[in-house]
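Residue numbers (this note's numbering): 1269 to 2247.
No residue lacks a Cβ here, since even glycine has one placed at the ideal position from N, Cα and C.
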Amino acid sequence: MQGKGFIKFMAILLGIVCVYSLSFNLVTSSVEKKAKAYAQGDPVKEKAFLDSMSTVPVYPILGFDYQFCKTKEINLGLDLKGGMNVTMEISLAELVKSLAGNPTDANFNQALSTAQTQLNAGGKDFVSLFVNEFEKLSPNAKLADFFANQDNATTLKANASNSDVKTYLSKEANSAIDRSFIIIRSRIDGFGVVSPNMQKQEGTNRILIEMPGVQDKERIHKLLQGSAELQFWQVYQNEEVYSIMENINKTLAATLKDTTAAVKADTAKKSTSALAGLAKKTDSGSTDSTAKKLELTKSNPLFAVLNIPTYQGQNGQPALRPGAVVGWVAQKDTAKVNSYFRKSEIASIIPSSMKLMWGVKPMEGSKVFELYAIKVTSADGTPDLGGEAISDARHDFDPKGKPEVTMYMTSEGAAKWKKITAEASADPNNKKSIAIVLDNAVYSAPTVQNEIPNGISSITGSFQVSDTQDLANILKAGKLPAPARIVGEFVVGPSLGQAAIDNGLLSFVLAFIVILVFMALYYNKAGWVANFALVINLFFIMGILVSLGAVLTLPGIAGIILVIGLSVDSNILIFERVREELLHGKSTAASIKEGFKHAMPSIIDSNVTVLILGVILYIFGSGPVQGFATTLCIGILSSLFCAVLISRLVFEGLLNKNSNITFGNSLTLHAFKNIAFDFVGRRKIYYIISSVIIVLGIIFYVKNDGLRLGIDFKGGRTYIVHFDKGMDIQQVREQLTPVFDNEAPEVKTAGANNELKITTTYHITDSDLQADKVVEDALRSGLAKTSEKYTIESSQKVGPIIASSLLYSAYGAILFSCLLMFIYIVVRFKKLNYGLGAVIALFHDVLLVLSFYTILDGVLPFSLEIGQDFIAAILTVMSYTMTETVVVFDRIREKLAESGKEDLHGEERNKLINFALNSTLSRTILTSLTVFFVLLVIFIFGGDSIRGFIFALLIGRVIGTYSSLCISTPIVIDLGKNK
């Protein structure tokens, strides 16, 4: 074996990376155990303990703090952890209309409406759709007449072509999505969500957001859908605010201390020592004893958590640092400072002309937030300037190459800006700052150097390129509205998430044991080599997932288990070829060498086909489907490395030690030998069987009024409701119908009869922010009639827009995968009829799975809905068929090469195909059984949430095996005729 040194090096390197990645979970788990022990069941104490550890080094060797370790541990999906998943859509139709000044032109508005309809039906690129429709309706009109104006004269001329306007609109649309992403991200950060996950859905105007642990839907709706408000404010300087802060500190100390302490307190000492202790930063370490800290908190309650910015003066004493920042506060203490400021006796101290606001994010390299004092100069409390004054903003570079932001004002805004900047820069020895505020958070507070008369300003500072890009987007955020609306959401309660973890882990352990036991019993010592490779494979998969920051979901766990089952396929292919060589009388060493050599083409072909489908799933899927695809792709690559290269190294190590390597026992060595089943001769029987099942499926399809589409594809809201006892489905449906305006909801059991899945389209097209609350209130009022205690454990909403988009994406995924499979087979085997036979078999498998779904719908005690997870199952079933088929095609190609012929004809060809099918039958049956048993374990123990998905894989595994043996390869004969 060549390259053994390199393989060992890569295995060790990958092992080190995986150990490093997985070690963070051990560190955070240790800290969290200490927190639980300290809190003794009190969640407030537990959170306080973890907050206090956020900046404390907890990684013994590398010195990382708890907060850093938490960001590096494995990310659990919402189905395992509980929380909220939201899909937001940026309304580009309203953006375009606003850019045009809200015209009343009938053709313009009709083009907008038609483009939105086409986008809802699965179309891409709203701007292109709009421009095409407008040109159809108004072929002689110019779009520049609507969009070219004084404020964007530098980017769009009055004589611009429609193509130029299209480019301008595309740029503005992408910018609006980027701005919305930044605004939403800052709001979520401010909300305090731990490890949120946000993604822009490429090619669409949607943003996907996962928020672990969040359950307050109403608050999140307001947070995410509220309109952003950009403002410019003058600010107080640090030296102007210190006396107020000192007064607040004294008042708090007097209020918080008890009577006895008040008699003994030394007020003079307290006030003179306050400024002297302000120079140190909040996040720096302190050697003070606990007693001293407690004393500081008593005597200086505000200054114990809020540090006034200072510097060391020429006399060596601390002096107030000039500038707009009036305080530094650790992230964990911001809530306490806010509570101090809200106290009635403190609110009276703060002038009505002052607003205290936090910086939008911590200072670089710390967990410390800056506090600003905003100056209110108007009688009605409005800002000096609003976001409507900004016409454009761009990230740029100054003459020295440093990042900066260039801001352009409208003509009206420029006049106001001239006045504001003149006042701020009037005193050359005391130039003041202007705060840029969005959603009551200060994004930047640049110092004004001079009066700015023309409305073009440069904002400089210690910026990175990413900082100036974000700030430019923020400044443009107030320019024009692009409303963001929630079009899909999924809420999972923590109890349901814990049950999913328990079920997932149980199914994982049992499935892994099933594989290990089977391989050890069937292949004896060689089976233990395969088991060793499987354990290493699992370790690599988990380590890679963590290092890439991938999110582990319940379908992701199913994907890992499935990959482990499929990775056995490579070992089975190798071991079966080794056993063939042993039967030919070759030595063990020669047989192992030949077995690996002859099995490699089939291993590569089968794994490449599954990898292609995994990539398609990742591109077209979202949420759980993407989680499944991620683990599938990572697992396939890891399995190839472990099952082929690692196991080969182990075998060579055993051979060097002259160990006796066995590939079976007396019961298994001669299994599947001397089999000569006539698959080709009976192919017409198989065609009839398949046709009968498909016809029955069509009959039941008509009888059932089509397939049962899940809300993924039809839109609606679904709630999982847990009752204290079993419920009558019909009774619950009858009680809910009146509250949903006599629109009967769909009510089904979700596993046990005390778990109900309730689906309704009530108010699903209503875009009002209160629509979700209206529906949930109606649901609760209907459930109250049952007089039984209940808990809503999860909820899901899919708007009709996203539902139609997902449906068309599903069609695209299936058709695109078939096309890729066809191209791969034709190129790999250089025979058109092979590619056609494989693709026809794929469609055959899809039709059979759909037929079984329609036939068994309503018969089985669990849901057989067609949703995103079903599409993932269908594509996985297709991968089964392709994996089995290419192994047979490889054997046919091998035998043709041995005979020295490119093709055979007639009976000779039929014999060859039957030989290929029978010689690979042991591998086909063993792999199918292994994966089938793995899926069966997941089906029984994996929980209700993925039972329908696993059922599709189960019947797909059976259909895939049947199809590869009886349909795909024999059909090559009928397509090839005499070629």
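**Report entry** Lys1744 vs Ser1366 beta-carbon contact at 8 Å
**Finding:** For this step, residue 1744 is matched to residue 476 along the sequence shown. For this step, residue 1366 is matched to residue 98 along the sequence shown. No. Outside cutoff.
Query raised in the report: How is Ala1421 classed by DSSP in three states: helix, strand or coil?
Result: Within the sequence shown, residue 1421 is the residue found at index 153, counting from 1. In the structure shown, Ala1421 sits in coil (DSSP, three-state: anything other than H, G, I, E or B).
Query - Helix, strand or coil at Ile1617 [DSSP, three-state] - result: Position 349 of the sequence shown, counting from 1, holds the residue named residue 1617. Note: Ile1617 maps to coil in three-state DSSP.
Requested in this report: Could you tell me the distance, in whole angstroms, from the CA atom of Gly1795 to the CA atom of Ala1788?
Outcome: Mapped onto the sequence shown, residue 1795 falls at position 527. Mapped onto the sequence shown, residue 1788 falls at position 520. In a straight line, the C-alpha of Gly1795 is about 4 Å away from that of Ala1788.
Requested in this report: Report the three-state DSSP secondary structure of Val1716 (helix, strand or coil).
Outcome: Residue numbering aside, residue 1716 sits at position 448 when the sequence shown is read from its first letter. If DSSP states are grouped into helix, strand and coil, Val1716 belongs with coil.
Requested in this report: Count the other CB atoms, across all protein chains shown, that sit within 10 Å of the CB of Thr1528; report buried if there are 16 or more and exposed otherwise.
Outcome: Here residue 1528 refers to the residue found at position 260 of the sequence shown. Annotation note: pLDDT 37 at Thr1528 (below 50); position unreliable, coordinate value reported separately. The residue is exposed, with fewer than 16 neighbouring Cβ atoms inside 10 Å.
Report task. Please state if the CB of Leu1813 and the CB of Leu1820 are separated by a distance shorter than 8 Å. Result -> For the purposes of this step, residue 1820 is taken as the residue at position 552 of the sequence shown. For the purposes of this step, residue 1813 is taken as the residue at position 545 of the sequence shown. Yes, they are a contact pair.
Query raised in the report: What is the DSSP secondary structure of Asn1517, counted as helix, strand or coil?
Result: Here residue 1517 is taken as the residue at index 249 of the sequence shown, counted from 1. When DSSP states are grouped into helix, strand and coil, Asn1517 belongs to the helix group.
Requested in this report: Reducing DSSP to helix, strand and coil, say where Ala1641 ends up.
Outcome: Position 373 of the sequence shown, counted from the start, is the residue given in the question as residue 1641. Ala1641: strand per DSSP, three-state reduction.
Query raised in the report: Should Lys1404 be labelled buried (16 or more other beta-carbon atoms within 10 Å of its own) or exposed?
Result: As a working mapping, residue 1404 is identified with position 136 in the sequence shown. Exposed.
**Report entry** Where Asp1664 falls: helix, strand or coil (DSSP)
**Finding:** As a working note, residue 1664 is residue 396 in the sequence shown. Note: Asp1664 maps to strand in three-state DSSP.
Query raised in the report: For Leu1881, which residues of its own chain have a beta-carbon under 6 Å away from its beta-carbon, when the five flanking residues on both sides are left out?
Result: Looking up residue 1881 in the sequence shown gives position 613. So the qualifying residues of the chain are Ser2085, Leu2143 and Ser2147.
**Report entry** Where Pro1823 falls, given that 16 or more other Cβ within 10 Å makes a residue buried
**Finding:** One-based indexing of the sequence shown puts residue 1823 at position 555. The residue in question, Pro1823, is buried, as its Cβ has 16 or more Cβ neighbours within 10 Å.
Query raised in the report: With distances taken between CB atoms, is the gap from Ile1618 to Leu1570 smaller than 8 Å?
Result: As a working mapping, residue 1618 is identified with position 350 in the sequence shown. As a working mapping, residue 1570 is identified with position 302 in the sequence shown. Their beta carbons are not under 8 Å apart, which means Ile1618 does not touch Leu1570 by this criterion.
Requested in this report: Decide if the segment 1327-1340 is in contact with the segment 1718-1735; the criterion is three or more beta carbon pairs, one per stretch, under 8 Å apart.
Outcome: no
Query raised in the report: Would you say the segment 1829-1836 touches the segment 1935-1949, given that touching needs at least three Cβ pairs under 8 Å?
Result: Touching, no, given that fewer than three Cβ pairs across the two stretches are closer than 8 Å.
Query raised in the report: Which residues in the same chain have their Cβ closer than 8 Å to the Cβ of Thr1422, if we skip the five residues on either side of it in sequence?
Result: Locating residue 1422 in the sequence shown gives position 154, where the first residue counts as 1. Excluding five sequence positions before and after Thr1422, the CB atoms of its chain that fall closer than 8 Å to its own CB belong to Asp1660 and Tyr1676, given in chain order.
Query - Helix, strand or coil at Pro1590 [DSSP, three-state] - result: The residue given as residue 1590 occupies position 322 in the sequence shown. Residue state, collapsed to three classes: coil.
Requested in this report: To the nearest angstrom, report how far apart Asn1575 and Phe1637 are at their CA atoms.
Outcome: As a working note, residue 1575 is residue 307 in the sequence shown. As a working note, residue 1637 is residue 369 in the sequence shown. Near 11 Å, if we compare the C-alpha coordinates of Phe1637 and Asn1575.
Query - Pairwise C-alpha distance: Phe2111 and Leu2233 - result: Walking along the sequence shown from the start, residue 2233 turns up at place 965. Walking along the sequence shown from the start, residue 2111 turns up at place 843. The alpha-carbon atoms of Leu2233 and Phe2111 are separated by roughly 15 Å.
**Report entry** Same chain, Cβ closer than 6 Å to Ser1429, five either side skipped, listed in chain order
**Finding:** Counted from its first residue, the sequence shown places residue 1429 at position 161. Excluding positions up to five away in sequence, the list is empty.
Requested in this report: Kindly indicate which three-state DSSP category Met1810 falls into: helix, strand or coil?
Outcome: As a working mapping, residue 1810 is identified with position 542 in the sequence shown. Helix at Met1810.
Query raised in the report: By DSSP, does Leu1937 sit in helix, in strand, or in coil?
Result: Counting from 1 along the sequence shown, the entry for residue 1937 is found at position 669. Three-state DSSP puts Leu1937 in coil, outside helix and strand.
**Report entry** Whole-angstrom C-beta distance between Val1710 and Val1628, which should lie under 8 Å
**Finding:** Here the question's residue 1628 lines up with position 360 in the sequence shown. Here the question's residue 1710 lines up with position 442 in the sequence shown. Right, the Cβ-Cβ distance comes to about 6 Å (below 8 Å), so this counts as a contact.
Query raised in the report: If we ignore side chains and look at the alpha-carbon of each, how far apart do Leu2087 and Glu2011 end up?
Result: In the sequence shown, counting from the first residue as 1, residue 2087 sits at position 819. In the sequence shown, counting from the first residue as 1, residue 2011 sits at position 743. Rounded to whole angstroms, Leu2087 to Glu2011 spans 42 Å at the Cα level.
**Report entry** Residue range of the unbroken beta strand (DSSP E) whose run includes Leu1281
**Finding:** Taking the sequence shown and counting its residues from 1, the one referred to as residue 1281 is at position 13. Careful: Leu1281 lies outside any beta strand (DSSP E), inside the alpha helix (DSSP H) at Lys1272 to Ala1307.
Query raised in the report: Just to confirm, are Tyr2030 and Phe2008 a CB contact at a threshold of 8 Å?
Result: Residue mapping note: residue 2030 aligns to position 762 of the sequence shown, counting from 1. Residue mapping note: residue 2008 aligns to position 740 of the sequence shown, counting from 1. Going by C-beta atoms, Tyr2030 is nearer than 8 Å to Phe2008.
Query raised in the report: Given Tyr1640, which residues of its chain have a CB within under 8 Å of its CB, disregarding the five upstream and five downstream residues?
Result: Your numbering for residue 1640 matches position 372 in the sequence shown. Once the five neighbours on either side are set aside, the close Cβ partners of Tyr1640 are Val1503, Ala1592, Val1593, Val1594, Leu1624, Met1625, Trp1626, Gly1627, Ala1703, Val1710 and Ala1713.
Query - Length of the line joining the Cα atoms of Ser2153 and Leu1923 - result: To locate residue 2153, count along the sequence shown from 1; it is residue 885. To locate residue 1923, count along the sequence shown from 1; it is residue 655. Going by the sequence as given, residue 2153 is Thr instead of Ser. Thr2153 and Leu1923 have their C-alpha atoms some 33 Å from each other.
Report task. With DSSP as the reference, label Gln1505 as helix, strand or coil. Result -> The residue labelled residue 1505 in the question sits at position 237 within the sequence shown. Gln1505 falls in the coil class under three-state DSSP.
Query raised in the report: Candidates Ile1451, Asn1708, Ser1859 and Val1918: which alpha carbon is nearest Gln1737's?
Result: What you label residue 1737 is simply residue 469 of the sequence shown in a count that begins at 1. Comparing Cα-Cα distances from Gln1737 to each of Ile1451, Asn1708, Ser1859 and Val1918, the minimum goes to Ile1451.
Query raised in the report: Can you round the beta-carbon distance between Phe1776 and Ile1825 to whole angstroms, since I take them to be within the 8 Å contact cut?
Result: Within the sequence shown, residue 1776 is the residue found at index 508, counting from 1. Within the sequence shown, residue 1825 is the residue found at index 557, counting from 1. Confirmed, Cβ separation roughly 6 Å.
Query raised in the report: Which class does Met2146 belong to by DSSP, given the choice of helix, strand or coil?
Result: For this step, residue 2146 is matched to residue 878 along the sequence shown. The answer is helix: DSSP assigns Met2146 an H, G or I state.
Query raised in the report: Out of curiosity, what's the CA-to-CA distance linking Thr1899 and Ile1783?
Result: Position 631 of the sequence shown, counted from the first residue, corresponds to residue 1899. Position 515 of the sequence shown, counted from the first residue, corresponds to residue 1783. So the alpha carbons of these two residues sit roughly 19 Å apart.
**Report entry** Per-residue burial, Trp1973 [other beta carbons within 10 Å of its own, 16 or more giving buried]
**Finding:** Residue numbering aside, residue 1973 sits at position 705 when the sequence shown is read from its first letter. Correcting the residue identity first, residue 1973 is Asp in this sequence and not Trp. Classification of Asp1973: exposed, given that the 10 Å Cβ count is below 16.
Query raised in the report: With Ile1997 and Val2015 assumed to form a contact (beta carbons below 8 Å), what rounded beta-carbon distance in angstroms separates them?
Result: For the purposes of this step, residue 1997 is taken as residue 729 along the sequence shown, with counting starting at 1. For the purposes of this step, residue 2015 is taken as residue 747 along the sequence shown, with counting starting at 1. Confirmed, Cβ separation roughly 5 Å.
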